[in-house]
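What follows is a short report on a single structure.
Protein chains in written order, with my numbering: chain A, 154 to 370; chain B, 154 to 370.
Structural data, given as structure tokens:
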């Protein structure tokens, strides 16, 4: 299809498609003569993935390119999950390095208490330390004992995630499988956050209603 | 303290402080003469909260102002949680309205299956429908049956969240309580996402190791 059809089918403006081509997010089309380039269904699918990662996943163009590069390597879904993890942006302000380092032992303690096998180089360890530092500075302390029940819930969610990936493992299109891995990791994050917000609303309303019953005036 | 001391103590450049003052994110200081304005500890705390909401929570300046406005209303923590929820950005592309509407019944079905009391006007219903639309377009279908176990985990997390807020309810500084509510809602989201990523890494490594044992070559 021509770039105008690709634009229409994917709902992406032609200028944006050209930008993604220049930035290497989208593989080049097949040139047909000097002025015509043809694109395929894989370009439509890739544009939807880029849109999902940037608009819904909140990734920058650079981070999106890292994730797409990881996806293009022909790995199995579980290995891809690791590569996607390490491509994700986990910004830690360089000026804050010392303060973040102070929180690192709390993260180590949590990982040990959970018996988790997580690389010492995992960027998520530092990102978690940075988040705990923010909370601590705002006077909100979450110790290992407070975090453990959340970690148990995260472990249960991760089992569901990896079950889903393993179910996909016998499919044939490994690139599509790798895309699924990225989607399950990244796009389920907002889904889970939204479910928690709705559950918080329910929990708050339920307790407020209970507090208002005649037995509890 | 002078603005220079506020800058040093909070680690925020003077220009950024002035920007926050202009944008109404930071309450004005106390003028002392024509050229001197004094700031207090509440400004330090507020700057840390702004930084945490923007840098770690990923909120825009406009959304941060909405959340801070909600916090400044003297409500109880549970009510504040609701106000914070509704101030959060849940962008749904106007061009996508019809496609999002198509997913709304799936969200309704999930809320009904969980027996949740969630307002029909909750912005998180539409945001969830938009996320499900993204997944569906990428060929990743999560039906009600797939989402229910995640919703159960979200409900358990929300119980922990609201327990924590209720524990704070007997404290005296209601503004500080309201800040805690915003922090627990917003800043725990990256913490939970990071715990899930670490748990995914652990789960993947554990299964890969299991698959490599001599009994399962």
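Idealized CB from N, CA, C, for every residue including glycine.
Worksheet item: According to DSSP, what are the bridge partners of residue 233 of chain B?
Response: Reading the second chain from its first residue, position 80 is the one you call residue 233 of chain B. Assignment of beta-bridge partners to residue 233 of chain B by DSSP yields no partner.
Discussion item. Within a Cβ cutoff of 6 Å, which residues of the same chain sit near residue 262 of chain A, ignoring the five residues on either side of it in sequence?
Written reply: To locate residue 262 of chain A, count along the first chain from 1; it is residue 109. Close CB contacts of residue 262 of chain A within its chain, under the 6 Å cut and outside five residues either way in sequence, are with 297 (chain order).
Fill in: residue 221 of chain A beta carbon less than 9 Å from that of residue 178 of chain A
Start at 1 with the first residue of the first chain, and residue 178 of chain A comes out as number 25. Start at 1 with the first residue of the first chain, and residue 221 of chain A comes out as number 68. In this structure, residue 178 of chain A sits near residue 221 of chain A, with a CB-CB distance shorter than 9 Å.
Worksheet item: First and last residue of the beta strand (DSSP E) that includes residue 184 of chain A?
Response: Translated into the one-based positions of the first chain, residue 184 of chain A becomes position 31. For residue 184 of chain A, the uninterrupted beta strand (DSSP E) segment begins and ends at 183-185.
Worksheet item: Tell me, which residues are paired with residue 190 of chain A by DSSP?
Response: On the first chain, residue 190 of chain A is found 37 positions in, with the first residue counted as 1. According to DSSP, residue 190 of chain A bridges with A:184.
Worksheet item: In the structure shown, what three-state DSSP assignment does residue 329 of chain A receive?
Response: As a working mapping, residue 329 of chain A is identified with position 176 in the first chain. The answer is helix: DSSP assigns residue 329 of chain A an H, G or I state.
Worksheet entry | Where residue 332 of chain A meets chain B, residues with beta-carbon distance less than 9 Å | The residue you call residue 332 of chain A lines up with position 179 of the first chain. Those are 291, 292 and 293, listed as they occur along chain B.
Discussion item. Between residue 160 of chain A and chain B, is the shortest Cβ-Cβ distance under 9 Å, so that the two count as touching?
Written reply: Locating residue 160 of chain A in the first chain gives position 7, where the first residue counts as 1. Residue 160 of chain A has a beta carbon lying at 9 Å or more from every beta carbon in chain B.
Worksheet item: Using 8 Å as the threshold, is the stretch 279-288 of chain B in touch with the stretch 334-350 of chain A, meaning 3 or more CB pairs across them?
Response: With contact defined as three or more Cβ pairs closer than 8 Å, the stretch 279-288 of chain B and the stretch 334-350 of chain A are in contact.
Discussion item. In whole angstroms, give me the CA-to-CA distance for residue 256 of chain B and residue 168 of chain B.
Written reply: In the second chain, counting from the first residue as 1, residue 256 of chain B sits at position 103. In the second chain, counting from the first residue as 1, residue 168 of chain B sits at position 15. Between residue 256 of chain B and residue 168 of chain B, the C-alpha separation is close to 45 Å.
Practice prompt. If I'm right that residue 234 of chain B touches residue 334 of chain B with Cβ under 8 Å, what's the distance once you round it to whole angstroms?
Written response: As a working note, residue 234 of chain B is residue 81 in the second chain. As a working note, residue 334 of chain B is residue 181 in the second chain. That belief holds up - the Cβ atoms of residue 234 of chain B and residue 334 of chain B are roughly 5 Å apart, short of 8 Å.
Discussion item. I want to see whether chain A comes within less than 9 Å of residue 240 of chain B, judged by CB atoms only; does it?
Written reply: Position 87 of the second chain holds residue 240 of chain B. At a cut-off of 9 Å between beta carbons, residue 240 of chain B makes no contact with chain A.
Practice prompt. Pick helix, strand or coil for residue 295 of chain A, following the three-state DSSP scheme.
Written response: Taking the first residue of the first chain as 1, we reach residue 295 of chain A at position 142. Coil, per DSSP.
Discussion item. Once the 5 residues before and after residue 317 of chain A are set aside, which same chain residues still bring their CB inside 7 Å of it?
Written reply: The residue given as residue 317 of chain A occupies position 164 in the first chain. Leaving aside the five residues that flank residue 317 of chain A on each side, the residues in its chain whose CB is nearer than 7 Å to its CB run, in chain order, 337.
Fill in: Reduced DSSP category for residue 132 of chain B - H, G, I as helix; E, B as strand; rest coil
This structure leaves residue 132 of chain B out entirely; chain B is present only between 154 and 370.
Item to complete: Please confirm whether residue 329 of chain A and residue 292 of chain B have their CB atoms less than 9 Å apart.
Response: For the purposes of this step, residue 329 of chain A is taken as residue 176 along the first chain, with counting starting at 1. For the purposes of this step, residue 292 of chain B is taken as residue 139 along the second chain, with counting starting at 1. Going by C-beta atoms, residue 329 of chain A is nearer than 9 Å to residue 292 of chain B.
Worksheet item: Going straight from the alpha carbon of residue 343 of chain A to that of residue 344 of chain B, what length do you get?
Response: Within the first chain, residue 343 of chain A is the residue found at index 190, counting from 1. Within the second chain, residue 344 of chain B is the residue found at index 191, counting from 1. When only Cα atoms are considered, residue 343 of chain A and residue 344 of chain B end up about 13 Å apart.
Worksheet item: Apart from the five residues just before and just after residue 200 of chain B, which ones in its own chain have a Cβ nearer than 6 Å to its Cβ?
Response: Indexing the second chain from 1 puts residue 200 of chain B at position 47. For residue 200 of chain B, where only same-chain residues beyond five positions count, the Cβ hits under 6 Å are 163 and 165.
Worksheet item: Under 8 Å Cβ-Cβ, which residues of chain A neighbour residue 349 of chain B?
Response: As a working note, residue 349 of chain B is residue 196 in the second chain. Those within 8 Å of residue 349 of chain B in chain A are 307, 310, 311, 314, 342 and 345.
Worksheet item: Hey, residue 427 of chain A and residue 191 of chain A: beta-carbon distance below 9 Å or not?
Response: Because chain A spans 154 through 370 in this model, residue 427 of chain A falls outside it and cannot be assessed.
Discussion item. If I measure Cβ to Cβ from residue 332 of chain A and keep anything under 7 Å in the same chain, skipping five residues before and after, which residues do I get?
Written reply: Counted from its first residue, the first chain places residue 332 of chain A at position 179. Closer than 7 Å at the Cβ level, and outside the excluded window around residue 332 of chain A, lie 202 and 224.
Worksheet entry | Residue-level contact to chain B via CB, residue 277 of chain A, 9 Å cutoff | The residue given as residue 277 of chain A occupies position 124 in the first chain. Residue 277 of chain A counts as touching chain B.
Worksheet item: Just to confirm, are residue 269 of chain B and residue 352 of chain A a CB contact at a threshold of 9 Å?
Response: One-based indexing of the second chain puts residue 269 of chain B at position 116. One-based indexing of the first chain puts residue 352 of chain A at position 199. Yes. Within cutoff.
Worksheet item: Where does residue 312 of chain B fall in DSSP's three states?
Response: To locate residue 312 of chain B, count along the second chain from 1; it is residue 159. Residue 312 of chain B: helix per DSSP, three-state reduction.
Practice prompt. Measure from the C-beta of residue 222 of chain B to each C-beta in chain A and report whether the shortest distance is under 9 Å.
Written response: Translated into positions along the second chain, residue 222 of chain B becomes position 69. Not an interface residue.
Practice prompt. Could you tell me which chain B residues have their CB closer than 7 Å to the CB of residue 235 of chain A, listed as they occur along the chain?
Written response: Indexing the first chain from 1 puts residue 235 of chain A at position 82. Ordered by position in chain B, the residues that pass the 7 Å Cβ test against residue 235 of chain A are 354 and 357.
Item to complete: Output, in sequence order along the chain, the residues in the stretch 199-210 of chain B whose CB is closer than 7 Å to any CB in chain A.
Response: Answer in chain order: 201, 202, 205 and 209.
Worksheet item: Near residue 195 of chain B, what residues of its chain come up, given a Cβ to Cβ distance below 7 Å and the 5 sequence neighbours on each side ignored?
Response: Taking the first residue of the second chain as 1, we reach residue 195 of chain B at position 42. Excluding sequence neighbours, residue 195 of chain B sits near nothing in its chain.
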